[in-house]
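Asks: Using UniProt numbering, the first residue of the sequence shown is number 1, and each one after it goes up by one.
Input: one structure, supplied below.
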Amino acid sequence: FNGKNVFTSTNVAITVTQDAAGLLNIGAATLTKTIALGSGSTVGQIEAAIDEVNLQRATYGSQQNRLEHTINNLNTTSENLTAAESRIRDVDMAKEMMNFSKNNILQQAAQAMISQANQQPQGVLQLLR
Numbered sequence: 001f002n003g004k005n006v007f008t009s010t011n012v013a014i015t016v017t018q019d020a021a022g023l024l025n026i027g028a029a030t031l032t033k034t035i036a037l038g039s040g041s042t043v044g045q046i047e048a049a050i051d052e053v054n055l056q057r058a059t060y061g062s063q064q065n066r067l068e069h070t071i072n073n074l075n076t077t078s079e080n081l082t083a084a085e086s087r088i089r090d091v092d093m094a095k096e097m098m099n100f101s102k103n104n105i106l107q108q109a110a111q112a113m114i115s116q117a118n119q120q121p122q123g124v125l126q127l128l129r
């Protein structure tokens, strides 16, 4: 097992250090279980070590589930904010297009009035001739 013959040694150590636990901010406790294979309660010690490993796996699993849930919530929030920003920008675009059209119509009306005002003196001059 990982280059070691488990059944020829008298001790087998299973270690999960603080570095591995620190990734999920689980705590500073270091899990170390030493199993003396030559003693009479070997099966009990192995079961205790397995139980401890399972407990740590459950702890890591619950932390992973919470992280995944947080990631999903943050993704949903980000998507909602992007959609809201898009709606705001779309509304502003529609408002600006309306203002542009209004100003364009006002400009055309002003040009038409100036054109008519320029034609009136010419009409008076034609009457006088």
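In this text, a Cβ means the ideal position worked out from N, Cα and C, and glycines have one as well.
With R89 as the anchor, note down where its alpha helix (DSSP H) starts and where it stops.
Replies: Within the sequence shown, numbered from 1, the residue matching residue 89 stands at position 89. Start and end: T42 to L128.
Asks: Taking 6 Å as the limit between beta carbons, can you name the residues of its chain near Q119, skipping five residues before and five after?
Replies: Start at 1 with the first residue of the sequence shown, and residue 119 comes out as number 119. So no residue of the chain qualifies.
Asks: Alpha carbon to alpha carbon, what distance is there between L128 and Q122?
Replies: To locate residue 122, count along the sequence shown from 1; it is residue 122. To locate residue 128, count along the sequence shown from 1; it is residue 128. Cα-Cα distance, rounded: 10 Å.
Asks: For Q126 and N104, what's the separation of their Cα atoms in angstroms?
Replies: Position 126 of the sequence shown, counted from the first residue, corresponds to residue 126. Position 104 of the sequence shown, counted from the first residue, corresponds to residue 104. Near 34 Å, if we compare the C-alpha coordinates of N104 and Q126.
Asks: Could you pull out every residue in the same chain whose Cβ sits closer than 6 Å to the Cβ of A94, ignoring the five residues on either side in sequence?
Replies: Along the sequence shown, one-based indexing puts residue 94 at 94. So the list is empty, once near-sequence residues are dropped.
Asks: Please report how far the alpha carbon of K102 lies from the alpha carbon of D90, in whole angstroms.
Replies: Here residue 102 corresponds to residue number 102 of the sequence shown, with the count starting at 1. Here residue 90 corresponds to residue number 90 of the sequence shown, with the count starting at 1. Each residue's Cα considered, the two are about 18 Å apart.
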